[in-house]
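Step one of this worksheet: look at the structure below.
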Amino acid sequence: MRLRPLNLIPLIEDTLKAAENWLAQNQTTDFREVLLQLYFRLHVFLRTAEFYDASYRTIVESQDGVKLRLFCLDPASRIRAACEPAQATVFFSGTLSPMDYYRALLGGEETDRQLQLPSPFPPENLVVLVNDKIRTDLKNRVATLAEIVNGIRELVAGRQGNYLVYFPSYQYLNVALDQFREAHPEIAIIEQRPRMSEAEREEFLAAFAADHNKTLVGFAVLGGIFGEGIDLTGERLIGAVIVGVGLPQLCVERDLICDYFQERTGAGFEYAYTFPGMNRVLQAAGRVIRSETDRGTVLLIDRRFAEARYNQLFPKHWALRSFELRT
Numbered sequence: 596m597r598l599r600p601l602n603l604i605p606l607i608e609d610t611l612k613a614a615e616n617w618l619a620q621n622q623t624t625d626f627r628e629v630l631l632q633l634y635f636r637l638h639v640f641l642r643t644a645e646f647y648d649a650s651y652r653t654i655v656e657s658q659d660g661v662k663l664r665l666f667c668l669d670p671a672s673r674i675r676a677a678c679e680p681a682q683a684t685v686f687f688s689g690t691l692s693p694m695d696y697y698r699a700l701l702g703g704e705e706t707d708r709q710l711q712l713p714s715p716f717p718p719e720n721l722v723v724l725v726n727d728k729i730r731t732d733l734k735n736r737v738a739t740l741a742e743i744v745n746g747i748r749e750l751v752a753g754r755q756g757n758y759l760v761y762f763p764s765y766q767y768l769n770v771a772l773d774q775f776r777e778a779h780p781e782i783a784i785i786e787q788r789p790r791m792s793e794a795e796r797e798e799f800l801a802a803f804a805a806d807h808n809k810t811l812v813g814f815a816v817l818g819g820i821f822g823e824g825i826d827l828t829g830e831r832l833i834g835a836v837i838v839g840v841g842l843p844q845l846c847v848e849r850d851l852i853c854d855y856f857q858e859r860t861g862a863g864f865e866y867a868y869t870f871p872g873m874n875r876v877l878q879a880a881g882r883v884i885r886s887e888t889d890r891g892t893v894l895l896i897d898r899r900f901a902e903a904r905y906n907q908l909f910p911k912h913w914a915l916r917s918f919e920l921r922t
């Protein structure tokens, strides 16, 4: 729905007043913590409703009761408003590509200055291999699973050390992991699991030591906690395999984003799926080279990497090489 849920506003305000009066009494009950969490969530809902405009949609879900969400399709106006009091605002990242897409989402204008710098690291330190013969889309995953496993094995057999293998979902990861473990029990494996605690995350990263005399292969999810924001420098990570082009899973939210930007830009699928997906790929690839002395290899596996809509988003300093499976 596109309409702001105006009828709910007075009801939520009355609920907040009643909850605030009761919480002020500081009574000890079994439901106090639950009520406190609801109190804060309702406050967030009201603050969001204040900004509700054409860039929002109201999503109503009826599973296990009724759940109502105010979903922002385009954050540009809110970011622009937050930046207006400042004399200047600088946005920077190693993966702001394509620039027009990120400038639009971040509330920028065509007249804003933009600067693209080359990689500060020697390009010859990163070998980027591409196998664009294997299909990894949902309907072909079972048929090509053996090829994926063989590709991973061939890469890690080339040099002893630590590797990360990224898949677009836990389901895909798990079936590939089972087959890889069965086919190559001699290789040490560690895997990302859903909802890992902070201690479990630290244990996962600690396994990537630079001084053990064996090959370790970590299985992880694209766009997850190990797909960006981690630094495994030097020999702690010497290679990564990226399976698929990172497209987010189909869902109501993504389809709403697609329709919204299709109407405004004519590139709805790109805004909702292609660009976010390739951002995940570039972020994962960026885990391999973290300093000017790092050296490593990235293997991309997916037939779609042969298509211009994807490979035109590759960094300019990547020198691509074909990776063919041995028969």
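So the sequence shown is numbered by my numbering: it starts at 596 and just counts up by one.
Glycine included, C-beta positions come from ideal geometry on N, C-alpha and C.
As the structure is a prediction and not an experimental result, all values here were calculated from the model.
- Relative to Ala867, the option among Leu633, Tyr696 and Ala613 whose CA is nearest is Tyr696.
- Per DSSP, the beta-bridge partners of Cys667 are Tyr651.
- Following the DSSP letters along the chain, one finds Ile782 in no beta strand (DSSP E), marked with neither H nor E.
- Nearest to Tyr758 by alpha-carbon distance, out of Ala805, Tyr905 and Asp850, is Ala805.
- In this structure, the alpha-carbon of Ile785 lies about 14 Å from that of Val770.
- Distance between Gln787 and Ala815, taken at the CA atoms: about 5 Å.
- By alpha-carbon distance to Gly756, the top candidate from Asn621, Val840 and Lys809 is Lys809.
- Nearest in C-alpha terms to Leu845, of all of Glu830, Ile833 and Phe864, is Phe864.
- Here Phe762 is bridged, per DSSP, to Val816.
- Sequence-distant partners of Leu611 (beyond 5 residues in either direction) whose C-beta falls short of 6 Å from its own C-beta, in its chain, are Leu637.
- Following the DSSP letters along the chain, one finds Thr892 inside the beta strand (DSSP E) bounded by residues Gly891 to Ile896.
- Taking all protein chains in view, the Cβ of Asn726 is crowded by 16 or more other Cβ atoms within 10 Å, so the residue is classified as buried.
- For Glu656, the pairing in a beta bridge is given by DSSP as Lys662.
- For Arg916, there is no enclosing alpha helix (DSSP H); the enclosing beta strand (DSSP E) covers residues Leu915 to Ser917.
- Judged by DSSP in its simplified three-state form, Ile837 adopts strand.
- Counting C-beta pairs closer than 8 Å gives three or more between the region 882-900 and the region 824-839, which meets the contact rule.
- Pairing Leu724 with Phe918 gives a Cβ-Cβ distance under 9 Å.
- Here Thr828 has Arg885, Ser886 and Asp889 as same chain residues with Cβ atoms under 8 Å from its own Cβ, once five neighbours each way along the sequence are excluded.
- For Leu691, the secondary structure class from DSSP, reduced to helix, strand or coil, is coil.
- Within a 10 Å sphere around the beta-carbon of Thr706 sit fewer than 16 other beta-carbons, which makes this residue exposed.
- In the displayed model, Val883 falls within coil according to three-state DSSP, outside both helix and strand.
- Uninterrupted alpha helix (DSSP H) stretches at least 4 residues long and entirely within the region 604-654 occur at 627-645, given in chain order.
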